[in-house]
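Residue numbers (our numbering): 587 to 1377.
The beta carbon of each residue, even a glycine, is placed where N, CA and C say it ideally should be.
Presented below is the structure to which this report refers.
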C-alpha cells in the first residue's frame, strides 16, 4: 500500500509535528514520537504550532538541548526517520520485490531488460537488439503488440511519474536508490490503473552532505561504460545532484554484407534540485534525458516453417521436405535446398552470430522530460503533487527476413509526448490511515509503421496515424486497525478513459495487388474514431500481524485496463473503426500470502498465491503481417516464493521461484476451430538465485558471487503455434573482485552468460509472408571489468 510516495510509508502525526516513518510499526513509531515531544516540551516549553499563533519558548540551556531542537524542527532529522529502515517491502501486504542499489550493482543489472534476473515471476524481453519495444511480463500479463502507441498492462514509474511509451521503458539504469516491483492489479493508491503489476525506479536524491561516485568498465566487443554522480548542499535550503552514464560497444553479430548488429551508443543524464525552505515543505525537480544515435539493429534467427494441416493449420518448424512442399503449394515456388525462406537465402558460417543482411536495420531514440514533486506536511496530513512531462522521438528499422535478400523489412517511427498530474493527500487519525487523490494523463503522438521489400519485386506499405489519450481518475484507500494485530484495507478508483485514433494507409502497388499481397487497403484509405469508457477498480483486504516476525494477508482486487485501438502495420481492406476497437479488460484477483523472518533476520521468507479471473482479456496474435488484438475470457493461477538467508558470517543466499498456469478460452485457430490456449510469455516455472561470499583481508575484502535464472518453455503468441514455442533455458552469471577497507574503492570482474547459452527472447510468425518464424536471440558470453570509487 503506497500511501505517500513510491514505497510504503506509515504516517504518524501528533499535534506538533509530522513524522514520516519508512517500513516500521506505526504504533511503536507513534509512541516514540510522543516521547520525543514530551522531552522537547520539558526543554523548550511549547513547540511552535502551525496555526500561526505565537508561542514563548525557553532558550536551551545546553548544547545537547540545542541539538534536539534542531532535530525537532525538521521531521526528517528525527532518530526514527534517520534510520531509514531498508525499503524492502517486508511490511507491504502484497507480493513484492525490492532491489537495492547495492544489489543491482553487485549483480551487474544495468538495464531494465535485466530485472527478470532478480524478481520471481517477472520476465522482460526486447526484440531486434534494441529497446524499440520492451515487453514486461508479470505473472503472465504482458502487452505483445509492438506498436508504439500501446500502453503496457504493467506500469513503469520513474520517481513516481508514469512512463506510457513502450519504446521508452527499456534503457540504462543508473544512479538509482532502489527498484520496487509489485505484482497484481494497481490503481487504488494512485498512478495509472493496470491489471498486471508495477515497476518503480527510484533515483538517488540530493542530500545536504557532499557525496559522489565514479565508475568505468571495459569488456567484450570493445564495450565501454562510464557512470558518475555528484551531489550535495548548494545553500542552506537547496541541494542538487548531477548524474550521467554513457555506453558504447561494437556489434556482436557479424554481418558479411554491412555493419555489424548489436552495437551500442547510449548517453543518459539527470539533474535534480531539492529545495527545503522549512521543515514542512520541500520541492524536488528532476530534469532527465537520453540519446541513442543511429545504431545497427534488427536481425533474427530465421526458422523455416509450414502450416500443419493435421494440427489446425498452425505454423510448425519444417524439415527440408515439408518446407519444400509447403513453399510450392503456397505459391512461392520451390526454393533451393538449404534455403532459409521460401524465396531463398542461405545461412553463412557461424549463423546466427554471423549473418548476411543486405538491408541492415537501425535504431535511433531521444527521450527528454522533467518531473516536479512538491510535498507539504502539516500536523494532520501530507499533500503531495507529482507533475511530469515526457517526450520521445524514435525510429527503428529491421531486416525481418534476416537474409541477403531484401524480402521483408519492418520500420516504425514515433514522435510523441505525455503530461501527467497526480495530487494526493494522506494522513492518520486514530485507527485510520488513509490516502485519496486525483490523477490525470494526456498522451499525444504521431506514428508511422510499415513494411517494404525488394525481392522478388519492390513494394511497400505504411500506416500513418495519430492517437490522443485523455485519462482522469479519482482514487482512495484506507487502512483501519481493528485490533493491535489485525488491519482491514478498503480502496476504490473511478477512471474515465478517452482515446481517439485517425489512420491513413499507403500502398505502393495497385489496389488489387495491395489486397492480394500484403493484405493492405489502397493509398489514401482512412479509418478513425473515438472511444470513451468509464470503469472502477477496487480492493478489500485483511492483514494479520500476530508477531513482529510474521505477517499474513488476503486481498480481493478488481483491476481494469482501458480500451485499446489498433493501428495495424497494413490497414486491412475495407476495415471499419469497430474492427480496430478492443474492449476494456477487467480482472478479479484473489490473493493471499505470508511474510516471515527468523533468527534475527538471518532467514526471511515471502510466499504469495493468486487466482486471476479475466473478462474481455486483451489477447494478441499476428495475422499474416499485421498485429491483431482480440478479446477473450481467460484465467490464471500460481504463486511466488522468495527466500533470503545469511547462514554464516559474510555469506548471503537468495532464491526466488514462481509457478503459474494461464489459459485463454476459445481462441480461433487458422482452420477456424476454437481451442483453449496457454497465455503468451507465461512460463509455468521461473527460478532465480544468487550467492555471495566475502572474505575480509588486511587490505580490504575479497568476494565471489554467482547468480542463476531459469525460464521454462513458453509461447510468443496467444495462438500456440509450435513455431512460436520458445524452449526453456538457464542463464548463469558470475563475478569476483576486491573492495578497500573503507569500501570506497571497488574492482570487479564480471562474466554474463557464463555457459554461453543460446536462447530465444521473442518470436514472430511470418509463415504467410515468406515461410518462416523470426525469433530474437540472446547475447553471447560477455566479459567485463569495472573500477568504482565513491565518497
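Problem - Residue range of the unbroken beta strand (DSSP E) whose run includes residue 863 - result: 850-864
Handout entry: Beta-ladder partner(s) of residue 683, from DSSP
Key = 767
Problem - Residue environment, residue 1247, which counts as buried when at least 16 other CB atoms sit within 10 Å - result: exposed
Exercise for the section: Take every Cβ of the segment 936-950, pair it with every Cβ of the segment 904-924, and state whether three or more of those distances are shorter than 8 Å. Expected result: no
Problem - Residues that residue 1219 bridges to, as DSSP identifies them - result: Answer is none; residue 1219 lacks a bridge partner.
Exercise for the section: Please report how far the alpha carbon of residue 768 lies from the alpha carbon of residue 853, in whole angstroms. Expected result: 29 Å
Problem - Rounded C-alpha distance that separates residue 1181 from residue 836 - result: 45 Å
Problem - Simplified DSSP assignment, three categories, for residue 912 - result: helix
Exercise for the section: Count the CB pairs spanning the segment 1193-1201 and the segment 1263-1270 that are closer than 8 Å, and state whether there are at least three. Expected result: no
Exercise for the section: Kindly indicate which residue of 1291, 1288, 1326, 1267 has the alpha-carbon position closest to the one of residue 1299. Expected result: 1267
Problem - Whether residue 1351 touches residue 901 by CB criterion (8 Å) - result: yes
Practice task
Would you check if the distance between the CB atom of residue 998 and the CB atom of residue 1034 is smaller than 8 Å?
Solution key: yes
Exercise for the section: Assign residue 573 to buried or exposed, taking buried as 16 or more other Cβ atoms, counted over all protein chains shown, within 10 Å of its Cβ. Expected result: For residue 573 there is no data in the structure shown, the boundaries of the chain being 587 and 1377.
Practice task
Identify, in the order they occur along the chain, each residue of the same chain with its Cβ nearer than 7 Å to the Cβ of residue 1341, setting aside the five sequence neighbours on each side.
Solution key: 1318
Problem - Cα-Cα separation between residue 1053 and residue 736, rounded to whole angstroms - result: 10 Å
Exercise for the section: Could you tell me the distance, in whole angstroms, from the CA atom of residue 1189 to the CA atom of residue 861? Expected result: 40 Å
Handout entry: Classification of residue 1250 by the beta-carbon crowding that lies within 10 angstroms, buried from 16 upward
Key = buried
Practice task
Give the single residue among 1081, 1284, 1110 whose Cα lies nearest to the Cα of residue 1144.
Solution key: 1081
Exercise for the section: Measure the C-alpha to C-alpha separation of residue 906 and residue 1365 and round it to an integer number of angstroms. Expected result: 28 Å
Handout entry: Inter-residue spacing [alpha-carbon to alpha-carbon] between residue 1276 and residue 690
Key = 12 Å
Problem - Ranges of the beta strand (DSSP E) found wholly within the segment 1204-1281, counting only runs of at least 3 - result: 1212-1231, 1237-1254, 1260-1264
Exercise for the section: Consult DSSP for residue 879 and reduce its assignment to one of helix, strand or coil. Expected result: strand
Handout entry: Reduced DSSP secondary structure (H/G/I, E/B, other) of residue 807
Key = helix
Exercise for the section: Report yes if the C-beta distance between residue 774 and residue 1125 is below 8 Å; otherwise report no. Expected result: yes
Handout entry: Sub-8 Å separation of residue 757 and residue 712 beta-carbons
Key = no
Exercise for the section: Please classify residue 597: is it buried, with 16 or more other beta-carbons within 10 angstroms of its beta-carbon, or exposed? Expected result: Because residue 597 sits at a pLDDT of 31, beneath the cut-off of 50, its placement in the model cannot be relied upon, and the following sentence gives the value as read from the coordinates. Classification of residue 597: buried, given that the 10 Å Cβ count is 16 or more.
Problem - Alpha carbon of residue 642 to alpha carbon of residue 866, nearest angstrom - result: Per-residue confidence for residue 642 stands at a pLDDT of 41, beneath the threshold of 50, marking its modelled position as unreliable; no derived number is given.
Exercise for the section: Determine the DSSP secondary structure at residue 1165, reduced to helix, strand or coil. Expected result: helix
Handout entry: Per-residue burial, residue 1233 [other beta carbons within 10 Å of its own, 16 or more giving buried]
Key = exposed
Exercise for the section: At 3 residues or longer, and completely inside the segment 701-755: list those beta strand (DSSP E) runs for me, N to C. Expected result: 708-712, 720-724, 740-744, 747-749
Practice task
My understanding is that residue 1010 touches residue 1031, with C-beta atoms under 8 Å, so please give their C-beta distance in whole angstroms.
Solution key: Contact doesn't hold; Cβ gap of about 27 Å is too wide.
Problem - Nonlocal neighbours in the same chain, by C-beta distance under 6 Å from residue 1136, ignoring five residues either side - result: 1182
Problem - First and last residue of the uninterrupted beta strand (DSSP E) at residue 1093 - result: 1072-1093
Problem - Beta carbon of residue 1372 nearer than 8 Å to that of residue 803 - result: yes
Problem - Straight-line Cα distance separating residue 983 from residue 1045 - result: 16 Å
Practice task
Go ahead and pull the three-state DSSP assignment for residue 960.
Solution key: strand
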